[in-house]
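Protein chains in written order, with the working numbering: chain C, 5 to 105; chain A, 2 to 208.
Structure below.
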């Protein structure tokens with residue numbers, strides 16, 4: 005469990021999340037990609053705390069902030085999904101082309 | 002936990018986190034996708050506990066268990082194929098997405114592999130959870146409170162966005178600001194309209 009392997013694992017989770025967020029059509033699946041990216045971010049933050057911070061507890065607060073971001077992302081995403089589905093009957097991004105240039 | 006056992010568990014969980022994260026986008030059933038993502042989070046939480054961040058690991062599991070259940074319910078509510086009865090690949094710009102994912106992985110892992118970081122693991126006698134608790138309600142209370150207020154604002158904003166009753170009428174019909182009614186072109190009969198072609202309307206607009 006060196007810092008390098010932990011960061012490589014976090015980067016792998018982030019890369020899979022980038023793939024999912026860019027490739028999926030369903031809005032909920034895009035949110036899953038974002039969650040996977042934040043999962044990697046939490047792992048990287050805690051890895052830095054566990055290997056370079058010398059036990060200072062402030063390092064874990066960054067992970068708590070990222071968890072807050074995850075909750076905010078989920079709540080805002082679901083609210084937008086409900087609204088978009090109600091008005092446009094759209095559950096995939098291909099149906100939302102009004103603003104497409 | 003002894004070093005060899007912890008290392009073995011780490012590698013199992015690391016492989017599990019990546020494989021389950023990959024399965025999220027490869028399964029036909031969207032409900033299963035939500036639970037694959039949950040499995041990935043649980044694997045990462047075990048790694049956090051192995052790194053002595055027990056509090057964060059358990060909070061991650063508790064939070065994600067709730068969130069993924071909500072996500073599965075949303076899948077059933079909104080998706081045309083929640084149970085995975087039909088094979089399904091709902092992707093666009095597939096090659097670009099794969100390239101972006103690989104570039105993100107190589108770039109970030111390269112930074113982790115080649116940058117020089119200080120090595121300062123926590124001392125063996127650290128009481129991690131107690132320290133985090135004292136920090137959250139002590140020196141870093143402002144961060145904690147900011148997170149709380151952010152979540153409160155998110156709750157209010159999400160309810161406002163998702164509510165059916167909009168400020169200017171039902172949200173289903175789209176919101177229309179109150180004010181003087183716009184000039185309705187349909188009110189002008191077609192014959193009269195044709196006879197006065199070119200005549201200006203009272204509001205100065207050429208019809």
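Cβ coordinates follow ideal geometry from the N, Cα and C atoms, glycine included.
With fewer than 16 neighbouring CB atoms inside 10 Å of its own CB, residue 119(A) falls in the exposed class. In this structure, the CA atom of residue 46(A) is about 11 Å from the CA atom of residue 11(A). DSSP links residue 166(A) through a beta bridge to 171(A).
DSSP places residue 28(C) within a strand segment (E or B) once states are collapsed to three.
When Cβ-Cβ separations below 8 Å define contact, residue 79(C) makes contact with chain A.
Each residue's CA atom was taken as its position, placing residue 130(A) and residue 54(C) some 13 Å apart.
When 73(A), 59(A), 42(A), 100(A) are compared, the shortest CA-CA separation from residue 24(C) is found for 100(A). Segment contact: the stretch 12-29 of chain C against the stretch 54-68 of chain C, fewer than three CB-CB distances shorter than 8 Å; contact not assigned. Taking 8 Å as the threshold, the shortest C-beta distance from residue 141(A) to chain C falls below it. Residues of the stretch 99-126 of chain A whose Cβ lies closer than 7 Å to any Cβ of chain C, in chain order: 99, 101, 102, 103, 105, 106, 109, 110, 113, 114, 118, 119, 120, 121, 122, 123, 124.
Between residue 10(C) and residue 47(C) the beta-carbon gap is near 7 Å, inside 8 Å, which marks them as a contact. Taking residue 66(C) as the centre and dropping the five residues before and after it, the same chain places the C-beta of 49 closer than 6 Å to its C-beta, in chain order. Listed along chain C, no residue sits closer than 8 Å to residue 70(A) by beta-carbon distance, the nearest being about 12 Å off. The beta carbons of residue 54(A) and residue 64(C) sit closer together than 8 Å.
It is roughly 5 Å from the alpha-carbon of residue 113(A) to the alpha-carbon of residue 8(C).
Across the structure, residue 165(A) and residue 91(C) are spaced so that their CA atoms are roughly 10 Å apart. Straight-line spacing of the CA atoms in residue 31(C) and residue 68(A) works out to 16 Å. Excluding sequence positions up to five before and after residue 70(C), its CB lies within less than 8 Å of the CB of 42, 45, 46, 49, all in the same chain and listed in chain order. In this structure, residue 44(A) places its C-beta atom within 8 Å of the C-beta atom of residue 17(A). Using a Cβ-Cβ cut-off of 7 Å, residue 45(C) is close to nothing in chain A; its nearest Cβ partner there is about 10 Å away. One thing to note: residue 149(A) has its Cβ no nearer than 8 Å to the Cβ of residue 80(C). A direct Cα-to-Cα measurement between residue 117(A) and residue 111(A) gives close to 11 Å. The stretch 115-172 of chain A is shown to contain whole alpha helix (DSSP H) runs of 4 or more residues at 129-137, 142-163, in chain order.
The shortest CA-to-CA distance from residue 19(A) to any of 40(C), 99(C), 68(C) is the one to 40(C). For residue 88(C), the CB contacts under 6 Å within the same chain, skipping 5 residues up- and downstream, are 94 in chain order.
Chain-order list of chain A residues neighbouring residue 56(C): 118, 119, 120, 121, 122, by C-beta distance under 9 Å. Neighbours of residue 45(A) across chain C, judged by C-beta separation under 8 Å: 17, 43, 46, 47. Taking 8 Å as the cut-off, the Cβ atoms of residue 35(C) and residue 78(C) count as close.
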